[in-house]
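Colleague:
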Amino acid sequence: MKAVVCQNQQLRVAERPEPKPGKGHVLVRVLRCGICGSDLHARQHCDHLGGLMQRSGIRNPMRSTQEIVFGHEFSAEILEYGPGTRRKLPVGSTVCAVPLIRRGKEIDLIGLCEEAPGAYAERMLVQESLIVPVPNGLDAERAALTEPLAVAWHAVRKGELKKKDTAIVIGCGPVGLAVILMLRSLGIEKIVASDLSPARRKLAKRCGAAVVLDPRQGSPFAATPKAGFIKDSPAALELGVGTREKLGLLPVAWHRSWRLAEALGAAPKRPVIFECVGVPGMLQSVIDGAPMFSRVVVVGVCMQSDQIEPALAINKEIELRFVLGYTPLEYRDTLQMIAEGKVDPAPLITGTVGLAGVEDAFAALGSPEKQVKILIDPASAAKKP
778 MKAVVCQNQQ LRVAERPEPK PGKGHVLVRV LRCGICGSDL HARQHCDHLG
828 GLMQRSGIRN PMRSTQEIVF GHEFSAEILE YGPGTRRKLP VGSTVCAVPL
878 IRRGKEIDLI GLCEEAPGAY AERMLVQESL IVPVPNGLDA ERAALTEPLA
928 VAWHAVRKGE LKKKDTAIVI GCGPVGLAVI LMLRSLGIEK IVASDLSPAR
978 RKLAKRCGAA VVLDPRQGSP FAATPKAGFI KDSPAALELG VGTREKLGLL
1028 PVAWHRSWRL AEALGAAPKR PVIFECVGVP GMLQSVIDGA PMFSRVVVVG
1078 VCMQSDQIEP ALAINKEIEL RFVLGYTPLE YRDTLQMIAE GKVDPAPLIT
1128 GTVGLAGVED AFAALGSPEK QVKILIDPAS AAKKP
């Protein structure tokens, strides 16, 4: 079969052995596969990424000298079951799958290690226990975006927003746009989106952002002046002292009133900020500009070392939450939301190529004005997105 192989930062279409399903595995035909930003990073920073994976406990991380077949955002058709499978879905069923595969005692990351080739290929192996049938006749293109939207769904859930909260999305690449889509699926209306690209800002509006802005023209943290956020330490001190003084005028013990207010959910207003850029300096920029008590969900993956000033974050009592991936349940629920029309990822799809067009697609994704998410159709001969 044919597959796109990455080795020493070079992409090429190569003939590969036909995958043979082992215990618990399913052989599938790839219908569509999204090109993820992590694939772009892995091509250029394979050894660094592999080193990070190793430091987190992964025993067989990718290396630039290996032949890596990327691809973890996919929809596929079941071709053949391996031994030890339950075979609940008939051959020919369209499925998605969490991109993990068990090999003995090891669990490999599909598309991010040599032992588990991904979906930049005509066929691949997936874990039967992690496949999810595609419902409602959903097309292969939208189904393939289950994985990136599941990442966004996990991040939004970690944000723990209420419908009246303000969400601020920094960066409107594929991740940021997916976060906006999932915020809207929750009924969040006050969404501020910030990006340098006019095309990305236009897409953010289409995905559901209420306010979009160019960060060179204004701060996203000041875009909702009536939100009632605490801007600085003096204002926070005034809130504490002033509240104590006011409660002291009541005919009951002030501490009982304070405790009751907390139990009822009274707290300073603060935004939930999604950092979806992942470049050095961005996290510190968020800490600098964010209002007091902000919750920051770090979704963008910064591949380089970075620096922040913890004392400033402490003084502003900023809460940092780093997120990764999703659970199998979140993955299943995301596919269901897409199939039921609760969230539509179609605006993110800006092109499709065959295997021979993957290298050009990687180059094209460097232009934020033209491309967001390019899909691979292994059956297509298209060389340009």
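Using this note's numbering, the first residue of the sequence shown is number 778, and each one after it goes up by one.
Quick reminder that beta carbons are idealized off the backbone N, C-alpha and C, glycines included.
Three-state secondary structure (DSSP) at residue 821?
Modeller: helix
Colleague: Suppose contacts are defined by Cβ-Cβ distances below 9 Å. Is residue 825 in contact with residue 886 by that definition?
Modeller: no
Colleague: Measuring CB to CB, does residue 952 end up less than 9 Å from residue 898?
Modeller: no
Colleague: How many angstroms separate the CA atom of residue 998 from the CA atom of residue 1079?
Modeller: 22 Å
Colleague: If you draw a straight line from the alpha carbon of residue 1035 to that of residue 1072, how long is it in whole angstroms?
Modeller: 23 Å
Colleague: Assign residue 811 to one of three DSSP states: helix, strand, or coil.
Modeller: strand
Colleague: If you compare alpha carbons, which of 1037, 779, 803 is closest to residue 792?
Modeller: Of the candidates 1037, 779, 803, the one whose C-alpha sits nearest the C-alpha of residue 792 is 779.
Colleague: Just the C-alpha distance for residue 1147 and residue 832, rounded to the nearest angstrom, thanks.
Modeller: 36 Å
Colleague: For residue 917, which three-state DSSP category applies?
Modeller: Reduced to three states, the DSSP call for residue 917 is helix.
Colleague: So, does the region 1054 to 1061 touch the region 1106 to 1114, judging by three or more C-beta pairs under 8 Å?
Modeller: Contact fails: fewer than three Cβ-Cβ distances are below 8 Å.
Colleague: Please classify residue 967: does DSSP put it in a helix, a strand, or coil?
Modeller: strand
Colleague: Is DSSP giving residue 803 helix, strand or coil here?
Modeller: strand
Colleague: How about residue 788 and residue 1139: do their beta carbons lie closer than 9 Å?
Modeller: yes
Colleague: Given a cut-off of 9 Å on the beta-carbon distance, is the pair residue 922 and residue 1151 in contact?
Modeller: no
Colleague: Would you give the residue range spanned by the beta strand (DSSP E) that residue 1121 belongs to?
Modeller: No beta strand (DSSP E) contains residue 1121, which DSSP labels as neither H nor E.
Colleague: If you draw a straight line from the alpha carbon of residue 949 to that of residue 892, how long is it in whole angstroms?
Modeller: If you take the alpha carbons of residue 949 and residue 892, they lie about 33 Å apart.
Colleague: Roughly how many whole angstroms lie between the Cα atoms of residue 869 and residue 927?
Modeller: 24 Å
Colleague: Who pairs with residue 857 in a beta bridge, going by DSSP?
Modeller: BP columns for residue 857 point to 804.
Colleague: Could you tell me if residue 1063 is buried or exposed, where buried requires 16 or more neighbouring beta carbons within 10 angstroms of its beta carbon?
Modeller: buried
Colleague: Do residue 896 and residue 853 have their CB atoms nearer than 9 Å?
Modeller: yes
Colleague: Check the C-beta distance from residue 1135 over to residue 781 and give it rounded, since I have them as a contact under 8 Å.
Modeller: 5 Å
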